[in-house]
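Accompanying notes for the structure given below.
Numbering (my numbering), first residue to last: 105 to 428.
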C-alpha cells in the first residue's frame, strides 16, 4: 500500500488560567470556540468552577453550549455565568516552539516507510525512516534518516545534526522514550491490548473514538509502565487509571481542538485525523499526554494507532477412538 497519511511528531502545548472579566456583556458569537469557566450559577451550583469549551450559541435561549472538560457533559449556560480562560505559554516554551516547531510527517499505511524532515530544525533535510527493513527500497533512496536510539521519536540525517539538536531534544527525549514503551506494550502485550480493546468497545460511547490517557505527571506514566497490575486495574490502591482515561468521540475532539490556540492543537489534529480514518475492526486510536512541568510549560502528546490483537483461542486436539 503506497498511500500516505499524516502521522505524529513531538509537540508541546501549555495552558495557564488568567483572571478575566465575566462575559456578561459578551455578544452571541464572541465566546464561541473558547475555553471557559462556569461561575455564579445558581441552578446547578456543583458546576461552578468547572471548565469546558463552548461549541454553540442558542439565540432563542441566550445560552452557550459548553462541553465540560471532565465527564464530557454538555450544558447550556448564560453568558454572565461564563468566564473566558485565557491560555498562555511560558517564555521558555514559546521560545522552544519558535525555534523547533512540530512538523507532521507522512507514512505508508502499514508504517514501513515514513517520509520526514531531519529533526535538527537548522537542517530540515527531507528523508525516510523505516519501520521495517526493506533493503530493496533503502538502496534507492538518497537520504535515510536514523531514529534516536533512546526515544525512537526524533530522526537525523547525520550524527552532526543529532549533536546540534540535542540541547532542544534532551528535555523531551526521556518522556518520548516512555511514550514509545507504552506504545510497544499496547501493540505487543496481549493483556494490555485486551484492556484497551475493552475500553475502545465501551457501549455508552461512540464506537469511533480516541482513548486519551491524560497522565497527571511523569511518575504516573512510570508506574503504569513498571506495574501491569496498576495499568490493568488489578491494583487500584496507588492510582486508578479510570481517573484520567478520557474516551472522546470525533465531535467532542473537534470542539476541544477548535477552542485551542494556534500551535496548541497540532498533535491533537493528528489524533483527530487518526480517529476519523482508522479501521474500526482492526485498530484503535490512542493518545497519551504528560505535563512537561507547570501549567505554562505545556504537555507532551503522542497519538497512536494500535492494532487489535486477535484473541488466542485454545485449540483442543481430538483424540482417536479406542479400538475395541
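Glycine included, C-beta positions come from ideal geometry on N, C-alpha and C.
Computed from a predicted structure; not experimentally measured.
Check                                                                                                    : Outcome
Limits of the alpha helix (DSSP H) - the one that residue 353 falls within                               : Run containing residue 353: none in the alpha helix (DSSP H); it sits in the beta strand (DSSP E), 349-353.
Cross-strand partners of residue 272 (DSSP beta bridge)                                                  : DSSP lists no partner for residue 272.
Close Cβ partners of residue 269 (< 6 Å) along its chain, the five nearest in sequence each way excluded : 223 and 224
Buried versus exposed, by CB contacts within 10 Å (16 or more), residue 384                              : exposed
Beta-ladder partner(s) of residue 391, from DSSP                                                         : 316 and 407
DSSP state of residue 250 mapped onto helix, strand, coil                                                : strand
DSSP three-state assignment for residue 126, whether helix, strand or coil                               : Reliability of the predicted coordinates at residue 126 is poor, the pLDDT of 37 falling under 50, and no value is obtained from them.
Contacting residues, own chain, Cβ-Cβ under 8 Å from residue 348 (five flanking each side not counted)   : 317, 318, 319, 320 and 324
Given 8 Å, three or more beta-carbon pairs between the segment 297-307 and the segment 265-281           : no
Whole-angstrom C-beta distance between residue 290 and residue 410, which should lie under 8 Å           : 5 Å
Coil, strand or helix - residue 415 by DSSP                                                              : coil
Residue 180 - partner residues in DSSP beta bridges                                                      : 169
Cβ-Cβ separation, residue 155 to residue 140 (assumed contact under 8 Å), whole Å                        : 7 Å
Proximity to residue 145 [Cα-Cα], best of 138, 159 and 167                                               : 167
Same chain, Cβ closer than 8 Å to residue 313, neighbours up to 5 away in sequence not counted           : 304, 351, 352, 353, 354, 379 and 389
Residue 237 versus residue 256 - alpha carbon distance                                                   : Because the pLDDT at residue 237 is just 48, under 50, the model does not fix this residue reliably, and the point stays unresolved.
Beta-carbon proximity of residue 158 to residue 138, cut-off 8 Å                                         : yes
Beta-carbon gap between residue 336 and residue 299 smaller than 8 Å                                     : yes
DSSP state of residue 324 mapped onto helix, strand, coil                                                : helix
Distance CB(residue 404)-CB(residue 279) smaller than 8 Å                                                : yes
Whole-Å CB distance - residue 407 paired with residue 363, under 8 Å assumed                             : With 8 Å as the limit, residue 407 and residue 363 do not qualify as a contact, their Cβ atoms being about 19 Å apart.
Residue span of the beta strand (DSSP E) that contains residue 161, given as start and end               : 155-162
Burial state of residue 152 (16 or more Cβ within 10 Å)                                                  : exposed
Supposed contact pair residue 277 and residue 301 - C-beta distance, whole angstroms, cut 8 Å            : Wrong, their Cβ atoms sit about 30 Å apart, outside the cutoff.
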